[in-house]
Structure formats: structure tokens, C-alpha cells
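Asker: The working numbering runs 1 ahead of the 1-based position in the sequence shown.
Quick one: the structure is below, and I'll ask about it shortly.
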Amino acid sequence: MPLKLTKEEVKKLGLRPMGKKHLIHVWLETLEKGGILYITRAEFTWKNRTPNVFIKKIEESGAKKFTISESLNRMGWVVERVK
2 MPLKLTKEEV KKLGLRPMGK KHLIHVWLET LEKGGILYIT RAEFTWKNRT
52 PNVFIKKIEE SGAKKFTISE SLNRMGWVVE RVK
């Protein structure tokens with residue numbers, strides 16, 4: 002249920018701007034060369050999509066290259082930054 006707050010309560014609570022990028026997209030952008038990231042299906046819940054959606058955008062916009070593989074138990078993906 003929404004709550005009405007006073008200005009003092011908001012100051013105590015603290016605010017930060019809303020981000021527009023998916024958390025996994027940010028992780029991939031900040032991944033160092035040689036870094037490996039395991040992304041579970043619980044973390045990436047887009048129906049009929051994989052983290053490859055973000056990887057392609059990042060590769061097109063810069064000099065970063067990734068490899069992506071699905072885990073054997075099909076519970077997630079392993080992403081490695083190769084360049």
C-alpha cells in the first residue's frame with residue numbers, strides 16, 4: 002500500500018535516480034577483459050530471450066567481445082569477455 006511521506010521523512014529515507022539499464026547489462030559493460038560472469042535464469046527472466054541481447058548491443062557500440070555458453074544443467078549462461 003502506498004504511503005504518504007513528509008519532506009523530512011523523504012530526507013531520512015534518501016533518494017537516488019532510477020536507472021534505465023538492466024542490472025545484467027551494467028555487469029556486462031563493467032566486466033574486465035578475461036572476466037567470467039555466470040548469469041542464472043532467476044536473474045534473467047525475459048521470456049524467450051538470453052543475455053545475448055545485451056552482448057550484441059555492447060559489441061556493436063565498442064571494442065568489447067564476449068563469448069556466451071549455456072550451462073549443462075540449462076539453469077543459466079556463462080559469459081566471458083575475451084577482448
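Virtual Cβ for every residue (Gly too), placed ideally from N, Cα, C.
Once DSSP output is grouped into helix, strand and coil, what is the label at threonine 7?
Answerer: Translated into positions along the sequence shown, residue 7 becomes position 6. In the structure shown, threonine 7 sits in coil (DSSP, three-state: anything other than H, G, I, E or B).
Asker: Return the CA-CA distance between tryptophan 28 and isoleucine 40, expressed in angstroms with no decimal places.
Answerer: Taking the sequence shown and counting its residues from 1, one reaches residue 28 at position 27. Taking the sequence shown and counting its residues from 1, one reaches residue 40 at position 39. Each residue's alpha carbon lies about 10 Å from the other.
Asker: Between which two residues does the alpha helix (DSSP H) holding serine 70 run?
Answerer: One-based indexing of the sequence shown puts residue 70 at position 69. Element bounds for serine 70: not the alpha helix (DSSP H) but the beta strand (DSSP E), 67-71.
Asker: Within 10 angstroms of the Cβ of isoleucine 37, are there 16 or more other Cβ atoms? Answer buried if so, exposed if not.
Answerer: Along the sequence shown, one-based indexing puts residue 37 at 36. Counting Cβ neighbours within 10 Å, isoleucine 37 comes out exposed, since fewer than 16 surround it.
Asker: Using DSSP with H/G/I as helix, E/B as strand and the rest coil, what is glutamate 61?
Answerer: Numbered from 1 along the sequence shown, position 60 holds the residue referred to as residue 61. Helix.
Asker: Quickly, what does DSSP pair isoleucine 37 with across the bridge? List them, please.
Answerer: The residue labelled residue 37 in the question sits at position 36 within the sequence shown. Paired residues: Glu81.
Asker: Check each candidate in Trp47, Leu14, Lys8 and Glu10 and name the one with the smallest Cα separation from histidine 26.
Answerer: Position 25 of the sequence shown, counted from the first residue, corresponds to residue 26. Closest option to histidine 26, Cα to Cα, is Trp47.
Asker: Roughly how many whole angstroms lie between the Cα atoms of arginine 135 and threonine 68?
Answerer: Beyond the ends of the chain as shown, which are 2 and 84, falls residue 135; an answer cannot be given.
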